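Participant:
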Amino acid sequence: MSLLEIKNISKIYGELKALDDVSLKVEKGEWVAIMGPSGSGKSTMMNIIGCMDKPSLGQVLLDGVDISKESNKNLTNIRRDKIGLIFQQFHLVNYLTAVENVMVSQYYHSMPDEKEAMEALARVGLAERAKHLPSQLSGGEQQRVCIARALINYPEIVLADEPTGNLDEANENIVIDIFRQLHREGTTLIVVTHDPEVAEVAQRTLVLEHGRLAKEIVNENFKD
Amino acid sequence: MKKQKMFFRMITAALIRQHSRMLVALLAIAVGATILSGLVTIYYDVPRQMGAQFRNYGANMLLLPSGEGEFNEATVNNALGVVNKENLVGAAPYRYESVFINEQPVIAAATNMDGAKAASPYWLVNGNWPAAENEVLVGKSLAAVLGVKEGSSINVVYGEESRAAKTEADAEKTAEKKDIKEKDIKENKAEKSNETDVSEEKEGMPFTVSGILETGGSEEDYIFISLSDMAVLTGKGGRLDAAELSISASQDELKAYADKISAQNSAVSPRLVKRVTQSETTVLTKLQALVFLVTAVVLLLTMICVATTMMAVVAERRKEIGLRKALGASDSSIIAEFMGEGLLLGGVGGLLGVIFGFAFAQAVSMNVFNSSINFRPLILPVTVIVSVLVTGLACLLPVRNATDVDPALVLKGE
Ligand SMILES: Nc1ncnc2c1ncn2[C@@H]1O[C@H](COP(=O)(O)OP(=O)(O)O)[C@@H](O)[C@H]1O
Ligand SMILES: [Mg+2]
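Respectively, the protein sequence lines represent chains A and B.
The first sequence runs 1 to 224 under our numbering.
The second sequence runs 225 to 638 under our numbering.
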């Protein structure tokens with residue numbers, strides 16, 4: 001059984017089909033990139049996989065559970081337990097320090113544990129900056145805090161929407177290295193990106209166009 | 225336990241590190257709480273303060289002989305024992321006798337000068353209050369008639385026969401006293417013309433006028449001497465005709481005192497001076513209603529201000545709310561966090577209000593009443609609880625809005 005199985009989903013806003021009859025499977029431990037022009041439905045797809053939205057039609061099986069029929073309350077619980085989110089705009093709470101931002105995720109999931117949160121920051125190379133507020137961190141550092149926060153509860157799937165969209169080349173490489181490491185550790189990764197360089201390092205790239213799955217490219221030279 | 229710690233860490237960080245908007249809300253609450261605690265302090269203090277002010281207008285209770293048994297200094301002191309010492313502003317015993325000065329019939333009032341001064345603070349003395357023996361205070365009108373002034377010497381003659389007529393006539397009010405006295409004196413004169421000479425044989429007693437008394441009332445026709453001088457003059461002491469009390473108390477408390485006094489001592493018949501006590505009560509009731517109204521309006525305004533500010537705060541923090549939800553926050557934890565921030569703000573604002581409110585009340589009291597007030601410990605919990613309640617109420621709607629935020633907005637590009 002695949003970790004994630006999407007069967008013929010569509011998301012319809014009035015006249016507009018943001019997603020149009022899309023099907024795909026993601027296996028446990030896979031690293032998948034989703035590409036496509038702006039407005040092609042990438043974020044809509046992420047919202048549905050991330051249990052923040054439901055498809056208008058079709059089924060989404062996550063770990064064998066059909067999340068397209070769940071109540072909002074159950075979706076919140078599933079999201080909390082199984083999904084780690086990484087955002088283009090980082091979305092750190094601006095009045096909490098780096099380590100506190102990581103702890104927020106623990107707080108909603110189970111128990112805040114400062115020591116564990118510090119370790120997560122150390123993993124992304126930010127042990128020194130743990131007591132800093134987001135405004136005192138560079139974009140790359142903020143993104144790494146965001147990654148530490150996404151990983152802290154050991155999610156089944158990490159969803160990243162344009163994770164390098166606001167970063168420079170150097171920081172992009174740092175993030176890609178972290179993804180590589182996560183992949184080696186067995187984390188399932190779905191990364192939405194504009195950037196071919198970020199897509200190339202994944203095992204597989206899905207291309208969306210006008211809400212439809214236009215292409216699927218398997219990366220022959222994928223290396224761990 | 226750890227979860228609660230993180231909760232407080234988050235909400236205090238939100239308040240401390242997020243200043244601006246929250247400061248506006250805090251300011252609103254602090255102002256509201258200041259008015260609340262300040263006005264409530266004044267509300268409770270005003271009766272005392274106003275009472276003290278009203279005491280400047282003279283006695284509000286009269287003790288008169290009931291006709292049963294002796295009415296003398298001991299009786300009055302016994303009755304005074306009922307009144308709480310702190311509330312007793314002044315007590316003046318009075319004994320009235322008809323006397324003659326330059327052949328003219330005059331009412332002589334004997335009293336305790338310190339007591340009279342305290343019970344009737346509005347009395348104006350040109351010169352000095354009698355301090356030594358054989359000193360007399362002469363009413364202004366009488367002084368004009370007699371042609372005396374401060375430092376003049378007068379001879380006061382007491383007619384023994386007036387005594388008999390006097391004992392029966394125990395007046396109820398000082399004001400009425402004058403008429404009765406005048407009647408007495410006329411009777412005396414009539415008697416005198418029949419019987420002749422008893423009083424004329426009297427030598428009389430020399431007095432020095434220490435001062436001229438201005439009151440705007442009937443007292444300006446009397447002379448005032450000490451009780452001991454009166455005893456010497458008449459050759460008899462002890463008996464009193466009335467006592468004027470000035471008590472700092474509400475009308476109900478005064479009534480209670482009066483009941484207690486008459487129950488304890490059948491020789492005493494206490495009366496309230498209605499004119500004074502009623503106006504005091506009316507003014508206080510109106511003032512307290514006003515204070516209540518102002519406080520209610522200010523709290524309502526505070527609530528509106530806090531509600532608007534919290535709306536703005538929720539709008540400003542939509543992304544953060546979306547993020548928290550995306551991280552798995554339930555509606556109830558979102559409510560708890562915003563309510564927690566609001567209530568913490570309410571508590572802190574309330575505490576500030578207690579401090580500023582006391583300063584405010586103190587300033588008002590010093591400026592208006594010229595006296596300081598004591599801090600009432602009960603104000604602290606009352607103000608904090610009311611501030612927290614008002615803030616909580618104000619936060620209900622904004623917090624509800626917070627739960628409506630869609631977590632999907634965190635994936636929307638800017
Ligand atoms: N809540 C919504 N209501 C209406 N239209 C929407 C909504 N969300 C997204 N869309 C539309 O759906 C299409 C796909 O959007 P999105 O998934 O955000 O694209 P992208 O690939 O750029 O992330 C766009 O045309 C967008 O305008
Ligand atoms: Mg997008």
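Glycine residues also receive a C-beta, built at the ideal position from the N, C-alpha and C atoms.
Bear in mind the structure is a predicted one, so any value in this text is a computation, not a measurement.
Name, please, each residue of chain A whose Cβ falls closer than 7 Å to the Cβ of Glu544 of chain B.
Facilitator: Those within 7 Å of Glu544 of chain B in chain A are Val93.
Participant: Does the pairing of the segment 257-264 of chain B with the segment 575-586 of chain B give three or more beta-carbon distances under 8 Å?
Facilitator: Because the criterion of three Cβ pairs below 8 Å is met, the segment 257-264 of chain B and the segment 575-586 of chain B touch.
Participant: Note the first and the last residue of the continuous alpha helix (DSSP H) segment covering Asp338 of chain B.
Facilitator: Its alpha helix (DSSP H) spans residues 337-343.
Participant: According to DSSP, Trp31 of chain A sits in a beta bridge with which residue or residues?
Facilitator: Bridge partners of Trp31 of chain A: A:Leu189.
Participant: With respect to 7 Å, is the separation between the Cβ of Ser110 of chain A and the closest non-hydrogen atom of ligand 2 below this value?
Facilitator: No, Cβ of Ser110 of chain A sits at least 7 Å from all heavy atoms of ligand 2.
Participant: Out of B:Arg600, B:Gln502, B:Ala257, state which residue places its alpha-carbon closest to the alpha-carbon of Thr519 of chain B.
Facilitator: Ranking B:Arg600, B:Gln502, B:Ala257 by Cα distance to Thr519 of chain B puts B:Ala257 first.
Participant: When you compare the segment 311-319 of chain B with the segment 497-515 of chain B, are there three or more beta-carbon pairs, one atom per stretch, that lie closer than 8 Å?
Facilitator: Cβ pair count under 8 Å is below three, so no.
Participant: Around the C-beta of Tyr13 of chain A, are 16 or more other C-beta atoms found within 10 angstroms, so that it is buried, or is it exposed?
Facilitator: Looking at its Cβ environment, which holds fewer than 16 other Cβ atoms inside 10 Å, Tyr13 of chain A is exposed.
Participant: Near Gln586 of chain B, which residues of its chain fall below 8 Å by C-beta distance, leaving aside the five closest residues on each side in sequence?
Facilitator: Cβ neighbours of Gln586 of chain B beyond the five flanking positions: Ser596, Ile597.
Participant: What do you reckon, are the CB atoms on Tyr95 of chain A and Ala550 of chain B nearer than 8 Å?
Facilitator: Cβ atoms of Tyr95 of chain A and Ala550 of chain B: not closer than 8 Å.
Participant: Contact defined as beta carbons within less than 8 Å: I believe Thr188 of chain A pairs with Ile157 of chain A. What is the distance between those atoms, to the nearest angstrom?
Facilitator: Indeed, because the Cβ distance is near 5 Å, the residues count as touching under 8 Å.
Participant: According to DSSP, Pro317 of chain B sits in a beta bridge with which residue or residues?
Facilitator: Note: Pro317 of chain B sits in a beta bridge opposite B:Ala467.
Participant: Can you give the beta carbon distance from Val380 of chain B to Gly435 of chain B, rounded, assuming they're within the 8 Å contact cut?
Facilitator: So it is not a contact: roughly 16 Å between Cβ atoms.
Participant: Counting along the chain, where does the beta strand (DSSP E) carrying Asn301 of chain B start and finish?
Facilitator: No beta strand (DSSP E) contains Asn301 of chain B, which is instead part of the alpha helix (DSSP H) from 297-304.
Participant: How about Lys309 of chain B: is its C-beta nearer than 8 Å to some C-beta of chain A?
Facilitator: No, Lys309 of chain B lies away from the interface with chain A (no Cβ there is under 8 Å from its Cβ).
Participant: With DSSP collapsed to three states, give me the class of Lys413 of chain B.
Facilitator: With a pLDDT of only 47 at Lys413 of chain B, under 50, the local geometry of the prediction cannot be trusted, and no value is derived from it.
Participant: Go ahead and pull the three-state DSSP assignment for Gly459 of chain B.
Facilitator: Coil.
Participant: Give a yes or no on whether the minimum CB-CB distance between Arg241 of chain B and chain A is below 8 Å.
Facilitator: So, interface residue.
Participant: In its own chain, which residues sit with a C-beta less than 6 Å from the C-beta of Ala473 of chain B, not counting the 5 before and 5 after it?
Facilitator: Contacts found: Asn311.
Participant: Along chain A, which residues have their Cβ under 7 Å away from the Cβ of Gly566 of chain B?
Facilitator: In chain order: nothing, as chain A lies at least about 16 Å away.
Participant: Please list the residues of the segment 116-129 of chain A that have a C-beta atom closer than 8 Å to any C-beta atom in chain B, keeping them in chain order.
Facilitator: Those would be none; no residue qualifies.
Participant: Let me check understanding here. Comparing Cα to Cα, which of A:Leu167, A:Gln88, A:Leu133 lies closest to Asn101 of chain A?
Facilitator: Checked all of A:Leu167, A:Gln88, A:Leu133; the closest Cα to Asn101 of chain A is A:Leu133.
Participant: Could you please give the first and the last residue of the uninterrupted alpha helix (DSSP H) stretch that includes Ile78 of chain A?
Facilitator: Start and end: 72-82.
Participant: Compare the C-beta of Tyr154 of chain A with all C-beta atoms of chain B and state if any pair is closer than 8 Å.
Facilitator: By this cut-off, Tyr154 of chain A is not an interface position.
Participant: What three-state label does DSSP hand Lys223 of chain A in the structure shown?
Facilitator: Here Lys223 of chain A sits in coil by DSSP.
Participant: Run through chain B and tell me which residues come within less than 7 Å of Ser2 of chain A, C-beta to C-beta.
Facilitator: None at all; the shortest Cβ gap to chain B is about 23 Å.
Participant: Could you tell me whether the Cβ of Met563 of chain B comes closer than 8 Å to any Cβ of chain A?
Facilitator: So no, Met563 of chain B is outside the interface.
Participant: When you compare each of B:Phe324, B:Thr335, B:Leu366 to Trp353 of chain B by their alpha carbons, which one comes out closest?
Facilitator: The candidate whose alpha carbon is nearest that of Trp353 of chain B is B:Thr335.
Participant: Helix or strand or just coil, what does DSSP make of Gln89 of chain A?
Facilitator: Three-state result, Gln89 of chain A: coil.
Participant: Use the C-beta contact count for Lys229 of chain B: other C-beta atoms within 10 angstroms, 16 or more gives buried, fewer gives exposed.
Facilitator: Its Cβ having fewer than 16 others within 10 Å, Lys229 of chain B is exposed.
Participant: If I follow the unbroken beta strand (DSSP E) through Tyr481 of chain B, where does it start and stop?
Facilitator: Unbroken run through Tyr481 of chain B is the alpha helix (DSSP H), 475-488; no beta strand (DSSP E).
Participant: What did DSSP end up calling Pro430 of chain B once you bin it into helix, strand or coil?
Facilitator: Here Pro430 of chain B sits in strand by DSSP.
Participant: Does the Cβ of Lys11 of chain A lie closer than 7 Å to at least one heavy atom of ligand 2?
Facilitator: No, ligand 2 has no heavy atom inside 7 Å of this Cβ.
Participant: I'd like the list of long-range same chain contacts for Glu400 of chain B, defined as Cβ closer than 8 Å, with 5 residues on each side in sequence excluded.
Facilitator: Residue placement at Glu400 of chain B cannot be trusted, given a pLDDT of 49 that sits under 50; the coordinates are not used to answer.
Participant: Taking 8 Å as the CB-CB limit, is Ile559 of chain B close to chain A?
Facilitator: No, no contact with chain A.
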